[in-house]
Amino acid sequence: MKSSNKTRCLVAALLGAGILSGLPLSAAADNLDTLLVGRQADGSVVLTTNQVIRPAGTQVEFRGRPTAVALHPNGKTAAFLNGTYNALIVVDLATGAVKQEMAGISNNGSFDGLVYSKDGKKLYASETQRIVVANVADDGSLTLDRTLTSLPLSTYAYPGREDGRPYPGGLALSEDGNTLYIALNRNNSLGVYDLVANVFVKEIPVGNAPHAVLVKGNLAYVSNQGGRPAAAGDFTNDSSGTAIVADPVSGRSVTGSVSVVDLAAGQEIKAIEVGEQPTALLLDGKRLFVANTNSDSVSIIDTEAGKLVKTIAVQPFPGAPLGSSPNGLALMDSDHLVVSLGRNNALAVYELGHKMYDSVEFEGLIPTGWYPTAVVADPVNGRLVVANGKGVGSLGPEAKAGPDAATNKTGKYVHSNMGSASIVAFPREDELETYTGTVYANNNWNDLHGHGDDAGKHEAKREKMKPVPLPTHTGAPSVFKHVFYIIKENRTYDQIFGDLPQGNGDANLVQFGREVTPNQHALAEQFVLLDNLYDSGSNSADGHQWVTQAFVTDYIEKSYGGFTRTYPFNAGDALVYPGSGFLWENAMKHGKSVRVYGEYVNGLRADGVEMGPWLTGLGHGDTEAGYWKDFYNDARIMAGEVAGDLHVKLEAHSDVPSLQSVINPAFPPYNMVIPDQYRVEVFLKEFRDYVKNGKLPELVVMSLTNDHTQGSRANYPTPRAMVADNDLALGRVVEAISHSPYWKDSVIFVIEDDAQNGVDHVDGHRSIGAVISPYTKRGAVDSRYYTQIDFIRAMEQILGLPPMNQMDLAVEPTSMKHVFTHTPDFTPFKVVPNQIALDEMNPGSLALKGLQKEWAIASGKLDFSAPDVADKELLNRVVWYTTKGFDKPYPGDERVLAPSEVHSYLESRNGKAKPKG
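Its first residue numbered 6, the sequence shown is counted upward by one per residue in our numbering.
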């Protein structure tokens with residue numbers, strides 16, 4: 006692609022003016038209005054992140070979440086490492102069709118690690134527990150050669166990861182192809198494997214959490230996502246057992262490095278400091294490019310001098326804050342660098358100078374599928390090949406409806422992931438300009454004036470401004486002085502509200518309707534029913550990031566092969582936290598008072614004894630701190646219903662320093678052994694004090710978790726009883742606030758962290774939420790498109806806070822204005838008593854027969870130590886059968902299944918390939 010200064014200036018001028026637009030308004034992210042998530046008539050796809058995709062080039066869709074791509078040496082095919090479903094995908098680049106889907110051993114591709122031999126006859130791929138070696142036929146198809154399983158175990162201890170999995174990632178071959186170099190992510194080492202002798206040789210210590218590997222002669226270059234090893238005096242935070250140099254406020258990792266390894270000597274000879282969380286590497290002569298995913302930059306290292314010489318700031322629009330997540334690198338030619346920007350659903354193109362120190366010029370953007378994770382260039386054929394981790398979203402194939410058409414309509418599920426590949430010809434100048442406009446429209450960047458921190462511009466006028474529910478400008482006065490933010494667990498819209506005729510629901514998919522959730526139904530009917538609201542993420546690992554940060558890091562997006570390092574639903578991992586921080590940090594930085602109850606809290610002590618990152622469940626309804634019935638009795642003691650002392654004293658704590666200072670330590674984090682009534686009693690005790698002293702914080706964040714349920718696990722309440730507990734808890738919190746002096750200037754936002762424990766007829770991300778206040782419209786239905794990011798943007802605007810990153814910046818500040826009215830109604834909410842006994846217990850398996858007994862036994866074996874760790878396919882079905890009956894097939898299944906049948910049935914239904922050879 007030949008460029009010119011004239012073209013660059015024209016593009017820059019258009020971008021600065023915010024007038025580039027490559028899409029019709031109907032498909033742009035700034036005009037979502039009442040569109041539903043999914044494919045649109047114009048070919049675009051509306052996402053759950055306030056974005057639209059309309060990718061350039063040819064799109065190839067397949068099930069899964071690809072994390073890496075490798076181009077075959079002959080340029081005819083490309084292989085994709087797939088994080089879920091079939092571990093390896095082969096695409097014919099000429100026809101744009103999937104040539105093969107090949108499962109490895111575990112079917113879980115790692116976060117990185119895919120390389121062809123020079124002659125193209127072998128393909129090496131990292132799975133989360135092993136390396137797969139495949140034979141490559143002349144047509145590019147694969148057969149299994151062998152697996153490399155003798156990798157050294159990690160000695161870094163972390164609760165829940167005692168198996169010592171080394172977590173192989175990036176791969177590189179020696180010049181002669183006889184040695185494979187492996188980034189052993191949990192071992193903080195570079196592994197050396199002799200392919201001829203078929204034996205693991207040794208480990209070479211490098212930095213923390215090594216990601217990618219490149220080999221040039223006798224040197225290897227390794228990107229260390231967790232940065233350098235900690236030194237004396239460093240503030241550190243944990244990541245999968247490794248002490249990571251961290252920020253003392255947010256707890257996030259703050260260093261990144263590239264190790265230079267002398268392969269002959271078998272040791273690191275230099276560590277070069279780069280940006281935060283370096284991932285992808287690209288070598289061009291003596292220039293080494295490094296993508297720094299958590300600091301939105303690309304480092305250029307002079308390999309001859311062994312030093313950093315330049316840092317390219319990735320800013321896809323003028324003044325862009327953090328939020329692009331650069332994670333892949335390619336060269337169209339020696340003059341043009343391509344960087345995949347995961348969070349922007351785009352590629353950025355830069356013109357490089359011929360010399361090391363020449364300036365680098367931003368050329369433009371190319372639209373891709375949802376969340377590109379890697380890119381390779383094919384200069385011979387003049388094209389780019391992109392792996393899109395989230396592709397087109399949860400639009401996977403659905404099974405035909407079963408024999409019971411009335412109740413077995415196919416439901417859409419959040420984990421029906423459709424990844425994709427984009428095959429894009431190298432763009433001409435005019436094409437790149439059009440593509441850039443498309444990316445702007447896709448991300449709602451065309452009119453960002455007034456979206457940022459403009460509080461200073463209006464300070465002088467503030468005293469004259471009339472308070473409104475949702476101010477137009479940051480810092481303008483709101484009628485609300487207190488924001489409550491309540492986060493619940495894992496329900497779709499249809500599961501709860503499918504029985505409300507005024508909304509867009511499917512009554513056949515209701516599992517916890519009015520009888521089970523009378524308070525949520527009452528709140529939806531008395532205030533506003535939101536029936537086009539989406540959770541941006543897919544499980545608790547990313548869901549709790551979206552609801553607290555309006556962002557998810559690349560580290561999490563590439564962990565879906567099994568979350569081998571950690572499952573960070575409630576913190577506990579320094580590599581999870583973004584540089585843009587958390588909602589409570591944003592509030593505290595701007596002088597707002599904050600109190601947090603349970604959310605993002607990863608530690609708990611019982612009578613002073615540390616229980617680990619969560620209260621570890623041991624089965625049969627108990628933990629090391631007691632049984633469910635013990636905590637239920639404690640809740641009744643706190644409520645004054647029975648006399649006695651609490652059987653144990655709980656003390657919560659967090660590894661996020663900014664959060665630790667504002668949590669209520671008596672309020673327990675996620676664990677199904679503790680009823681939500683217990684949590685509510687802790688909150689109400691402190692809330693009554695706030696009523697007396699008038700010191701209620703301006704931002705209150707609370708986690709109510711028990712709508713997650715424990716399935717049919719013995720000695721726990723039934724699923725409907727646990728959801729009823731959660732519903733009653735929410736109702737009691739709203740009742741207390743609405744009957745207090747704070748009601749007149751308070752607003753309550755309620756959201757689920759994700760929707761993965763059910764199905765929905767619109768999209769698997771569609772979920773329930775509420776906005777409750779005297780200024781909320783009464784008895785209304787709002788079918789406008791909203792996401793968790795809209796909720797955060799509204800709370801920021803009410804509190805006078807600037808956006809944290811690109812994602813909440815791009816949301817119209819008053820996107821939720823239609824929820825509110827300027828005429829208040831101060832009528833308080835009256836809690837609706839539960840219709841289901843909260844202590845309705847699952848029967849033990851001895852009292853059951855047939856399928857019900859099989860499912861009770863299977864449920865007892867599920868791991869509920871953290872949200873979403875339990876096998877989702879089994880859990881969702883046992884909850885369905887328990888609530889709908891063991892004669893009603895789960896949505897999408899053609900018949901009722903036994904636990905032992907589920908995975909084989911799904912593999913058959915979804916056409917999963919088996920290993921060959």
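Just so you know, even glycine gets a beta-carbon here, dropped at the ideal spot from N, CA and C.
Quick caveat: nothing in here was measured; it's all calculated off a predicted structure.
A direct Cα-to-Cα measurement between Thr100 and Leu128 gives close to 21 Å. Close CB contacts of Leu709 within its chain, under the 7 Å cut and outside five residues either way in sequence, are with Ile491, Lys493, Asp681, Arg684, Asn731, Ala734, Leu735 (chain order).
Within the same chain, Asp117, Gly118, Ala188, His216, Ala217, Val218 come within 6 Å of Gly175 by CB-CB distance, once the 5 residues on both sides are set aside. In terms of Cβ geometry, His652 and Gly631 form a close pair [threshold 9 Å]. Take Glu273, set aside five residues on each side of it, and the residues of its chain with a beta-carbon closer than 6 Å to its own are Val211, Ser264, Val266, in chain order. Each residue's CA atom was taken as its position, placing Leu880 and Glu656 some 30 Å apart. Take Ala318, set aside five residues on each side of it, and the residues of its chain with a beta-carbon closer than 6 Å to its own are Ser302, in chain order.
In the pairwise beta carbon analysis, the region 560-568 is classified as not touching the region 787-796: fewer than three pairs are separated by under 8 Å. The beta carbon of Val661 lies closer than 6 Å to those of Gly256, Ala576 in the same chain, with the five residues before and after it left out. Beta-bridge pairing by DSSP links Gln105 to Val95. Apart from sequence neighbours up to five positions away, the residues of its chain that approach Trp589 with a beta-carbon distance below 8 Å are Thr553, Val599, Val601, Ser663, Leu664, Val667, Leu704, Val706, ordered along the chain.
Partner residues in the beta bridge of Gly43, as assigned by DSSP, are Val51.
For Pro253, the CB contacts under 8 Å within the same chain, skipping 5 residues up- and downstream, are Phe240, Pro662 in chain order. Closest by C-alpha distance to Leu804, out of Val752, Glu366, His341, is Val752. For Trp885, the secondary structure class from DSSP, reduced to helix, strand or coil, is helix. The three-state secondary structure of Gln665, taken from DSSP, is helix.
Secondary structure note for Glu368: its beta strand (DSSP E) is the uninterrupted segment 366-372. Glu530: member of the alpha helix (DSSP H) spanning 523-531, first to last residue. Proximity to Ile841 across Val57, Met727, Thr53 peaks at Met727, based on C-alpha coordinates. In this structure, DSSP gives His713 a helical state, which the three-state scheme calls helix.
In this structure, the straight-line span from the alpha carbon of Ile249 to that of Pro234 is close to 7 Å. Spatial neighbours of Ala61 in its own chain (CB-CB distance under 6 Å, excluding positions within 5 residues in sequence) are listed in chain order as Ile371, Pro372, Val429, Tyr440. Here DSSP, grouped into helix, strand and coil, assigns Ile492 to strand. Fewer than three beta-carbon pairs drawn from the region 45-53 and the region 86-104 are found closer than 8 Å, and the two stretches are therefore not classed as touching. The way I'd put it, the region 189-198 doesn't touch the region 280-292; fewer than three beta-carbon pairs between them come closer than 8 Å.
Annotation for Tyr121: the continuous beta strand (DSSP E) segment containing it runs 114-121. For the pair Arg292 and Glu368, the Cα-to-Cα distance works out to about 20 Å. Taking C-beta atoms as the reference points, Ala775 and Phe532 count as a pair closer than 9 Å.
Only residues of its own chain outside the window of five on either side were considered, and among them His658 have a CB closer than 6 Å to the CB of Gly608, listed in chain order. Annotation: the continuous alpha helix (DSSP H) that includes Asn698 extends over 681-698.
The C-alpha of Val837 lies about 25 Å from the C-alpha of Arg771. Pairwise C-beta distances place the region 472-481 in contact with the region 818-835, as three or more of them are shorter than 8 Å. Here Asp243 is bridged, per DSSP, to Ala248. Here Pro670 has Glu656, Ala657, His658 as same chain residues with Cβ atoms under 7 Å from its own Cβ, once five neighbours each way along the sequence are excluded.
For Asn87, the number of other beta carbons within 10 angstroms of its own is at least 16, and it is reported as buried. By the Cβ criterion, the region 686-702 is in contact with the region 632-646, since at least three pairs of Cβ atoms, one from each stretch, lie closer than 8 Å.
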